[in-house]
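Enquirer: My structure is below; once you've seen it, I'll send some questions.
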Amino acid sequence: KAGVTQTPRYLIKTRGQQVTLSCSPISGHRSVSWYQQTPGQGLQFLFEYFSETQRNKGNFPGRFSGRQFSNSRSEMNVSTLELGDSALYLCASSLLLAGGTTDTQYFGPGTRLTVL
Amino acid sequence: QQQVKQSPQSLIVQKGGIPIINCAYENTAFDYFPWYQQFPGKGPALLIAIRPDVSEKKEGRFTISFNKSAKQFSLHIMDSQPGDSATYFCAASISGANNLFFGTGTRLTVIP
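So the sequences go chain by chain: P and E. Counted from 1, the first sequence has number 83 at position 80 by this note's numbering; the numbering is strictly sequential. Counted from 1, the second sequence has number 97 at position 84 by this note's numbering; the numbering is strictly sequential.
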């Protein structure tokens, strides 16, 4: 079974631009979560989507948004990029078990975003 | 506010040693505690996870010890190998919420 794939792997943008990152979950996984990883703040949860609906949201500004499509693929968008948005953006997919219990989150390799 | 505190920040052991990484949490609603391993250029990969109904769990050379009253849990790596050199993250979440709170990570180096 193929793992979580993320595209692109590397991206360079300038301040003020916007960016869209893509994530394809493991086949059959309907929950997709996004995380930001930086040396200073570590791994921080951005948001989670399940069945095209945002289920949870972390403490990030509204410039960070996402969506999920009917095939469970997900995109995240960052508008008006700031230097501090430079980070590794990780996508994770998982099954949602009966009763809403979370299963293992499987991470993709990430998209390395550099904002100049 | 760091919901999960992890120590040490870095750790160097000889091959065959038993590195121990510790984590502590405050939110008593957390009921799922995974450990992830991350190599450079890769995403985190699940090593082992525990729920608070057990005090210890072993999978191969990896063991989690869990102390619910102290709100602490730790990872032990038995017979460590150079290939174990990586960054290790503890995490915590509440069942039903796919929102992992991660520790700050421990960079482990195993010297041959």
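Note that CB positions come from ideal geometry on N, CA and C, so glycine has one too.
Express the C-alpha separation of residue 83 (chain P) and residue 47 (chain E) in angstroms, rounding to a whole number.
Expert: 34 Å
Enquirer: Leaving out five residues before and five after residue 67 (chain E) in sequence, what residues of the same chain have Cβ atoms less than 8 Å from its Cβ?
Expert: 79
Enquirer: Just mark residue 91 (chain E) as buried or exposed, buried being the case when its beta carbon has 16 or more other beta carbons within 10 Å.
Expert: exposed
Enquirer: Could you tell me whether the region 25-45 of chain P touches the region 79-95 of chain P, where touching means 3 or more Cβ pairs closer than 8 Å?
Expert: yes
Enquirer: Give the single residue among E:55, E:40, E:97 whose Cα lies nearest to the Cα of residue 32 (chain E).
Expert: It is E:97.
Enquirer: Going along chain E, which residues have a C-beta under 7 Å from residue 45 (chain P)?
Expert: The answer, in chain order, is 115, 117, 118.
Enquirer: If we call anything under 9 Å between Cβ atoms a contact, is residue 28 (chain E) one with residue 85 (chain E)?
Expert: no
Enquirer: Excluding the five sequence neighbours on either side, which residues of its own chain have a C-beta within less than 8 Å of the C-beta of residue 113 (chain E), listed in chain order?
Expert: 47, 104, 105, 106
Enquirer: At a Cβ threshold of 9 Å, is residue 5 (chain P) touching chain E?
Expert: no
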